[in-house]
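Protein chains in written order, with our numbering: chain A, 1 to 195; chain B, 1 to 195; chain C, 1 to 195; chain D, 1 to 195.
Where a beta carbon is used, it is the ideal one built from N, C-alpha and C, also for glycine.
Heads up, the thing below is written out as structure tokens.
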DNA sequence: AATGAATGAGGATTCATTCAT
DNA sequence: AATGAATGAATCCTCATTCAT
């Protein structure tokens with residue numbers, strides 16, 4: 001990779017961060033290219049040097065966030081933890097992303113509406129991978145006879161849903177802080193899974 | 001109520017149903033007044049005879065759906081059921097709405113972005129009422145010593161989130177049919193709550 | 001004229017009064033048929049029973065107001081007054097109309113923009129007639145050697161303009177009341193005309 | 001000022017001139033953004049690159065014209081002229097603007113209907129300043145004992161009204177040319193003011 | 001005579017996208 | 001690499017007008 005390419009890479013990342021921020025604040029449709037550019041004191045025209053179009057830009061945001069979440073989960077999987085400990089960590093990671101990357105995480109929700117076919121395939125792949133990480137832990141726990149045997153996919157959906165919803169109501173100044181929330185949610189998750 | 005008012009009422013309802021459908025298909029921002037009108041073979045101009053503007057129309061969709069869901073829950077509350085039976089019914093009602101009124105139910109998600117102050121107040125009131133119905137059942141169960149004593153609000157959020165998420169992945173032709181889904185989810189909910 | 005026709009006549013007049021009021025408040029373009037109808041607790045559809053279209057309605061307003069002003073001036077002309085006395089009365093009449101029928105009087109200003117050919121002709125006829133009344137007095141005064149010989153048309157334009165402008169700044173609660181204003185303006189007019 | 005800013009300035013001015021022309025032809029409400037753009041062979045979208053909205057554009061037209069008129073009057077005030085000579089020049093300037101910037105000058109008439117609060121304040125300030133220039137000359141003349149002592153404000157209103165009205169009837173091909181008109185009007189004004 | 005309902009032609013505004021420089 | 005400028009398609013909304021009842 002040439003120096004120039006590195007620069008481009010860095011700029012792209014800056015733009016992605018800016019876009020993530022703006023989209024998180026305003027939502028996909030209301031985030032304009034102008035807004036995203038202004039955040040970086042660029043003009044919107046310049047964005048098109050780095051990204052084919054708005055869709056492409058937003059797709060890459062999505063990809064970035066999801067990849068990071070996956071990476072974080074994977075690092076937990078490598079630690080030598082019990083299923084319970086592991087799951088607690090994953091609950092923490094997930095809720096952190098859900099709260100702090102609200103809108104981008106939301107894109108996961110209904111990617112069909114936004115992405116074109118090629119992008120969609122890639123996104124769905126990542127989603128599947130992401131979900132698979134949870135399935136993996138659940139299966140490990142069942143195998144270790146710590147978790148009750150059950151429809152893995154269904155219970156995973158239940159759990160992910162519960163956690164995603166957090167972003168709808170969680171409020172930094174509210175009754176619960178993020179840490180307590182994570183702990184309690186992890187307890188619920190484990191109650192659900194354990195024998 | 002005069003004949004005319006009934007007619008207007010009926011027409012308004014038709015428009016609302018059409019709007020609900022279109023919004024469910026395309027999402028709030030992408031649903032145009034033209035689309036909504038076309039669905040009923042009207043012209044967009046006519047919509048403005050019945051609704052002040054797009055926002056008003058969408059607000060009324062939201063209000064309608066939420067009111068209906070509340071009414072259904074309330075009818076269950078009047079039946080003489082055990083907390084467990086009641087909760088199973090409410091899970092059924094909720095998941096039905098979540099699946100079949102997808103986007104409108106989604107408006108609940110982040111009304112701040114869409115509604116103006118007056119509307120917002122009314123929407124938040126309904127949301128609170130809706131959530132309160134679940135709290136009520138949970139409290140009943142705790143009082144009857146069938147459910148474990150716990151942070152009612154938090155566990156309710158967990159449950160509602162899990163159920164809302166269903167709309168993201170549920171697919172009529174998938175591995176589970178709606179009925180099985182509801183039953184399994186009710187089981188999870190009860191496992192979470194019971195001692 | 002049949003009873004029915006009389007009724008229609010009365011209704012038309014009511015509508016004209018309503019239209020005059022609304023147009024005076026909001027201006028020609030901003031006065032909607034709906035506004036005008038609402039003032040009389042009618043629906044806009046009904047207006048079309050009485051008037052061909054908005055243009056026609058507004059034309060008739062204009063015609064009505066101008067006719068009344070002319071009638072009032074003519075009645076003064078019949079009284080046996082000196083040119084000076086007569087002119088004072090006419091100044092009073094004109095300023096009253098200019099203030100109290102603001103916008104309709106304003107239509108006189110540039111009728112070309114609003115009216116179609118047939119209407120225009122009739123309006124211009126009335127305008128000419130209206131202006132002619134002032135010319136008449138001025139000529140009488142000159143003939144009676146009370147007023148200075150001068151370009152009658154030009155001085156009349158000067159005077160009418162001065163009086164029309166009153167509506168732009170006159171304010172009931174301002175420094176001058178309407179009566180004082182009229183008296184002072186009449187003084188100016190006479191200073192202009194007298195030898 | 002950078003080159004770019006100069007270009008923008010020039011373009012803005014072109015647009016303003018175009019807008020002034022169109023508004024003078026059609027009036028405020030009937031002048032569409034499309035019309036204004038077409039005059040310059042631009043698209044209406046481009047106008048929004050230079051002006052926030054129609055209101056803003058029209059406000060700036062108004063501001064421009066009024067500022068120019070004020071500047072012209074002020075240059076006369078600096079010349080060493082008698083009150084009479086000065087007033088004659090000002091009559092000329094005013095009538096020229098009234099005839100040649102018809103509608104824009106007319107915006108002065110009832111700005112309340114068109115402008116928002118911030119703009120209104122600025123417009124009223126300019127109007128007051130404009131009127132003050134005439135008051136100034138009149139007072140000078142009174143002080144120099146060339147003009148009769150009188151209600152300065154009232155007589156100034158009278159005079160301005162008379163001159164504004166010119167635009168309603170003056171016609172290049174009519175009986176009077178602009179120069180004669182100005183001379184005669186100046187005579188009237190002086191007859192009104194002089195002892 | 002009156003009206004409720006519908007319509008369609010405009011008009012203001014926004015914004016992703018393009019492109020010459 | 002970046003930008004200023006322009007564009008045009010899309011979208012909301014208004015309102016005079018029509019017409020069946």
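Neighbourhood of residue i by C-beta distance below 6 Å, restricted to the same chain and skipping five residues each side
{"i": "residue 61 of chain D", "result": "16, 19, 20, 104"}
{"i": "residue 1 of chain B", "result": "Interpretation of residue 1 of chain B is limited by its pLDDT of 43, a score under 50 that renders its predicted location unreliable; the figure taken from the coordinates is listed afterwards. Cβ within range, chain order: n/a, list empty."}
{"i": "residue 57 of chain B", "result": "19, 51"}
{"i": "residue 155 of chain B", "result": "none"}
Beta carbon proximity, residue i to chain A, threshold 8 Å
{"i": "residue 1 of chain B", "result": "In this prediction, residue 1 of chain B scores a pLDDT of 43, lower than 50, which makes its location untrustworthy; the coordinate-derived value is nonetheless stated afterwards. Cβ-Cβ to chain A under 8 Å: no for residue 1 of chain B."}
{"i": "residue 179 of chain B", "result": "no"}
{"i": "residue 105 of chain B", "result": "no"}
{"i": "residue 151 of chain B", "result": "yes"}
Nearest neighbour of residue i, chosen from the options [CA to CA]
{"i": "residue 41 of chain A", "options": "A:11, A:121, A:142, A:188", "result": "A:11"}
{"i": "residue 120 of chain B", "options": "B:183, B:83, B:63", "result": "B:63"}
{"i": "residue 161 of chain B", "options": "B:178, B:188, B:149", "result": "B:188"}
{"i": "residue 131 of chain B", "options": "B:168, B:143, B:159", "result": "B:159"}
{"i": "residue 98 of chain B", "options": "B:74, B:195, B:168, B:194", "result": "B:168"}
{"i": "residue 152 of chain C", "options": "C:164, C:138, C:75", "result": "C:138"}
{"i": "residue 134 of chain D", "options": "D:86, D:191, D:125", "result": "D:86"}
{"i": "residue 100 of chain B", "options": "B:194, B:191, B:186, B:166", "result": "B:166"}
{"i": "residue 68 of chain B", "options": "B:94, B:183, B:142, B:44", "result": "B:94"}
{"i": "residue 80 of chain D", "options": "D:177, D:192, D:140", "result": "D:140"}
{"i": "residue 184 of chain A", "options": "A:195, A:163, A:171", "result": "A:163"}
{"i": "residue 70 of chain A", "options": "A:170, A:129, A:174", "result": "A:129"}
{"i": "residue 195 of chain B", "options": "B:142, B:54, B:26, B:27", "result": "B:142"}
{"i": "residue 31 of chain B", "options": "B:55, B:48, B:66, B:148", "result": "B:55"}
Within-8 Å CB hit, residue i to chain C
{"i": "residue 66 of chain D", "result": "no"}
Chain B within 8 Å of residue i, Cβ atoms only
{"i": "residue 185 of chain A", "result": "yes"}
{"i": "residue 121 of chain A", "result": "no"}
Closer than 7 Å at the beta carbon, the chain D residues around residue i
{"i": "residue 204 of chain C", "result": "Because chain C is modelled from 1 through 195, residue 204 of chain C falls outside the range shown and cannot be assessed."}
Chain D contact for residue i (CB, 8 Å cutoff)
{"i": "residue 132 of chain C", "result": "no"}
Three-state secondary structure (DSSP) of residue i
{"i": "residue 12 of chain C", "result": "helix"}
{"i": "residue 115 of chain C", "result": "coil"}
{"i": "residue 1 of chain B", "result": "Reliability fails at residue 1 of chain B, whose pLDDT of 43 lies under 50, so the model's placement of it is uncertain and the value that follows must be treated cautiously. Note: residue 1 of chain B maps to coil in three-state DSSP."}
{"i": "residue 7 of chain B", "result": "helix"}
{"i": "residue 52 of chain C", "result": "coil"}
{"i": "residue 44 of chain A", "result": "helix"}
{"i": "residue 129 of chain D", "result": "helix"}
{"i": "residue 147 of chain A", "result": "strand"}
{"i": "residue 194 of chain D", "result": "strand"}
{"i": "residue 75 of chain C", "result": "helix"}
{"i": "residue 18 of chain D", "result": "helix"}
{"i": "residue 187 of chain B", "result": "helix"}
{"i": "residue 102 of chain C", "result": "helix"}
Neighbouring residues, chain C, relative to residue i (Cβ below 8 Å)
{"i": "residue 161 of chain D", "result": "161, 162, 163, 164, 165, 166, 168"}
{"i": "residue 176 of chain D", "result": "154"}
Contact set between residue i and chain A, taken where Cβ atoms lie within less than 9 Å
{"i": "residue 29 of chain B", "result": "27, 28, 29, 30"}
Residues near residue i in its chain [Cβ-Cβ closer than 8 Å; skip 5 each side]
{"i": "residue 46 of chain B", "result": "37"}
{"i": "residue 90 of chain A", "result": "73, 76, 133, 134, 137"}
{"i": "residue 82 of chain B", "result": "144, 146"}
{"i": "residue 3 of chain C", "result": "none"}
{"i": "residue 148 of chain D", "result": "142, 193, 194, 195"}
Sequence-distant residues of its chain with Cβ nearer than 7 Å to residue i (five each side left out)
{"i": "residue 59 of chain A", "result": "115, 119"}
{"i": "residue 39 of chain B", "result": "18, 21, 22"}
{"i": "residue 24 of chain A", "result": "101, 102, 103, 104"}
{"i": "residue 182 of chain B", "result": "91, 92, 95"}
{"i": "residue 178 of chain C", "result": "99"}
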